[in-house]
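Chemist: Numbering (this note's numbering), first residue to last: 97 to 251.
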Amino acid sequence: MPHFRGHCGHGQRSDDGEVACRPRHGAARRRYDDIIATSTEGAELTARVADTMAATLRDDAALHRLWYDLRNQSLFEDGFRDTIIRIDDLLQQMVWTIVLRYAELMGRAPAVAPEFAYALVDGLFQNELIRFLRGDPEALDRLRRDCVTLLSNVA
């Protein structure tokens with residue numbers, strides 16, 4: 097899920113119109129790449145991905161809130177729309193890599209398209225982020241549980 101570098105304020109833009117606050121996609125990608133590379137069973141992969149997603153939500157909730165704000169603003173603000181689209185594409189690729197590995201471990205093909213898998217994971221994450229930020233003590237456990245269920249059903 098999205099990770100941001102540095103202090104972002106309110107999504108300041110650089111002189112070239114790019115969003116100054118960009119995902120630390122490399123760090124996030126490496127975190128999931130390790131899980132993908134070292135998991136040997138489907139259940140192990142889904143549990144580790146779910147734990148990582150919950151930890152990311154817990155540790156970086158304010159930054160994830162900023163990501164969703166910027167993404168929504170890009171529907172109205174052309175200045176950083178292309179950057180948001182690129183970031184979303186990278187996140188979709190990350191989710192799809194997880195889905196493909198799970199499918200491989202389970203010996204079957206993915207049951208959904210990459211865009212659909214990303215929409216499901218993103219929607220789950222955003223909804224639990226909202227609940228977490230509202231003080232729901234069950235949000236992290238629900239995210240873990242529902243992430244396992246979701247990943248188990250997309251392949």
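All C-beta atoms, glycine included, are put in the ideal place defined by N, C-alpha and C. A quick note: this is a predicted structure, and the numbers were derived from the prediction, not measured.
Which residue marks the beginning of the alpha helix (DSSP H) containing F172, and which one marks its end?
Modeler: Taking the first residue of the sequence shown as position 1, residue 172 is located at position 76. Run containing F172: none; DSSP gives neither H nor E here.
Chemist: What is the DSSP secondary structure of D185, reduced to helix, strand or coil?
Modeler: If you number the sequence shown from 1, residue 185 lands on position 89. It is helical.
Chemist: Taking the alpha-carbon of D237 as reference, which of G203, L196, M149 and I132 has the nearest alpha-carbon?
Modeler: Here residue 237 refers to the residue found at position 141 of the sequence shown. Checking every option, the nearest Cα to that of D237 belongs to M149.
Chemist: Going by Cα to Cα distance, which pick from A143, S248 and A157 is closest to N223?
Modeler: Numbered from its first residue, the sequence shown carries residue 223 at position 127. Of the candidates A143, S248 and A157, the one whose C-alpha sits nearest the C-alpha of N223 is A157.
Chemist: If you measure between the beta carbons of L247 and I181, is that distance less than 8 Å?
Modeler: Numbered from 1 along the sequence shown, position 151 holds the residue referred to as residue 247. Numbered from 1 along the sequence shown, position 85 holds the residue referred to as residue 181. No. Outside cutoff.
Chemist: What did DSSP end up calling E137 once you bin it into helix, strand or coil?
Modeler: The residue you call residue 137 lines up with position 41 of the sequence shown. Residue state, collapsed to three classes: coil.
Chemist: Measure how close the beta-carbons of M202 and G138 come, nearest whole angstrom, since I'm counting them as under 8 Å.
Modeler: Residue mapping note: residue 202 aligns to position 106 of the sequence shown, counting from 1. Residue mapping note: residue 138 aligns to position 42 of the sequence shown, counting from 1. Confirmed, Cβ separation roughly 5 Å.
Chemist: Can you grab the Cα-Cα spacing for the pair V208 / S170, in whole Å?
Modeler: As a first step, residue 208 is located in the sequence shown; it is residue number 112 there, counting from the start. As a first step, residue 170 is located in the sequence shown; it is residue number 74 there, counting from the start. Going from the Cα of V208 to the Cα of S170 covers about 27 Å.
Chemist: Grouping DSSP H, G and I as helix and E and B as strand, with all else coil, what is D130?
Modeler: Along the sequence shown, read from residue 1 onward, the residue named residue 130 stands at position 34. Here D130 sits in helix by DSSP.
Chemist: Hey, could you find the ends of the alpha helix (DSSP H) A235 is sitting in?
Modeler: Position 139 of the sequence shown, counted from the start, is the residue given in the question as residue 235. First-last of the alpha helix (DSSP H) with A235: A235 to N249.
Chemist: Between the C-alpha atoms of R240 and A143, what's the straight-line distance to the nearest angstrom?
Modeler: Mapped onto the sequence shown, residue 240 falls at position 144. Mapped onto the sequence shown, residue 143 falls at position 47. Using only the alpha carbons, I get a separation of about 8 Å.
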